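Note sheet for the following structure.
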Amino acid sequence: MRPLRPSLGLTVAFGGKGGGDWETSPGEDRHRRSVYTEVRRSSPYPSFATFDAPNREVCIIRRGRSNTPLQAFVTLNDPVFVETHQALARRILAEGGLNGSSRVQFAFKVCLSREPDAAEIATLAEVYKRALALYRSDAKLAASMALDPVGPAPKGLDLPELAAWTTVAGVVMNLDEFQMRR
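The opening position of the sequence shown corresponds to residue 3 in our numbering, with each subsequent residue numbered one higher.
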């Protein structure tokens, strides 16, 4: 299976049929991850390397834990992660209630299995407010953040609002508490 991956502009030398270049799987197969992702020695899946996946030359019992700034960069910008932020934003708008506070609480409940405290709600409300102002001033940027790569928005959704909630979803899903099991 070949999930989305960043366009690196690279080609594989001596790739044989098709050149060995990565083509995202069509349909639902693009959403299958982990053990189903095609791995090659000559061009490993980029996120695997960033998150310290073993190189498959040896068997390991337990992977070491790491948390680096590069991993945060990937979880905020890699198309696979952006798509999950967009999907969560759509769910927040559909199921999270009618106001910002209830939507933030919904995001925390879904992602972290807990209620946010008042400071977390205030912080994310400010993130939402700033993101919404940015996306209201730039419709092209809002469309890109809300629609690329996940696809068309459900009817009736305001694109700048969806883009702003995508930003909030990205923040929640990039919390250490969400990324690391302790």
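The beta carbon of each residue, even a glycine, is placed where N, CA and C say it ideally should be. Predicted model only: the values in this text are computed from it and were never measured.
Count the other C-beta atoms from every protein chain shown that fall within 10 angstroms of the C-beta of residue i, then say buried if there are 16 or more, exposed otherwise.
i    : result
Q88  : buried
R92  : buried
R65  : exposed
A109 : buried
P118 : buried
S139 : exposed
I63  : exposed
A148 : buried
G98  : buried
Can you list, in chain order, the residues of its chain whose CB lies under 7 Å from that of residue i, leaving out five sequence neighbours each side?
i    : result
L78  : G172 and N176
T52  : L72, Q73 and V76
A145 : L161
Q107 : E117 and P118
F180 : C113, L114 and V174
I94  : R105, F108, A109, W167 and A171
Considering residue i, what are the terminal residues of the alpha helix (DSSP H) in which it resides?
i    : result
C113 : G102 to L114
I63  : Here I63 belongs to no alpha helix (DSSP H), and DSSP marks it neither H nor E.
P81  : P81 to E97
E117 : Per DSSP, E117 belongs to no alpha helix (DSSP H) and is neither H nor E.
Excluding the 5 residues preceding and the 5 following residue i in the sequence, name in chain order all residues of the same chain whose CB lies nearer than 6 Å to its CB.
i    : result
A133 : A166 and T169
V174 : A109 and C113
L90  : A171
Taking a contact to mean a Cβ-Cβ separation below 8 Å, would you say residue i touches residue j in this structure?
i    : j   : result
D178 : N69 : yes
P151 : P48 : no
Can you find the residues in the same chain that come closer than 8 Å, C-beta to C-beta, to residue i, ignoring five residues on each side of it along the sequence?
i    : result
L143 : L136, Y137 and A165
Is the segment 155-168 touching the segment 115-126 in the sense that three or more CB pairs, one from each, lie closer than 8 Å? no
Are there three or more Cβ pairs, one per stretch, closer than 8 Å when the segment 159-167 is compared with the segment 49-67? no
The segment 68-86 in contact with the segment 102-116 per 3-pair CB rule at 8 Å: no
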